[in-house]
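Novice:
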Amino acid sequence: MIILFCLISQAVIWCGYSLVLYLSHHDHSFYETILMFMFAYFGYLVALRLIQNTKLSILLSLSAASIYLIGRIVLFTI
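full-length UniProt numbering applies: residue 1 is where the sequence shown begins, and numbers increase by one.
(1) Which term fits C15, buried or exposed, when burial requires 16 or more other beta carbons within 10 angstroms of its beta carbon?
(2) Whole-angstrom Cβ separation of I51 and C6, contact assumed at under 8 Å?
(3) Where does M1 sit, in a helix, a strand or coil, going by DSSP?
(4) State the DSSP-derived secondary structure class of S24, mapped to helix, strand or coil.
(5) Whole angstroms are fine: how far does the CA of N53 sit from the CA of L59?
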């Protein structure tokens with residue numbers, strides 16, 4: 001149950017990242033990349049706080065970030 005809550009919180013974090021990108025559409029891609037790493041690290045810290053397992057936290061954070069990035073690439077290339 002806690003893993004499901006962690007996945008939902010990861011989805012909320014990446015939705016927040018999308019909102020920030022939408023509001024700052026004039027920024028350079030370098031700053032967007034730095035912001036992406038900051039949100040990924042924040043997602044990792046939230047997962048680590050909820051799960052209390054480093055390997056599982058890294059796995060969930062990387063998979064959530066990968067799903068977000070793949071979905072973003074697919075949506076914006078079609």
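Every residue, glycine too, gets a C-beta built ideally from N, C-alpha and C.
Specialist: On the basis of the supplied data:
(1) exposed
(2) 6 Å
(3) coil
(4) DSSP, read as helix, strand or coil, puts S24 in coil.
(5) 10 Å
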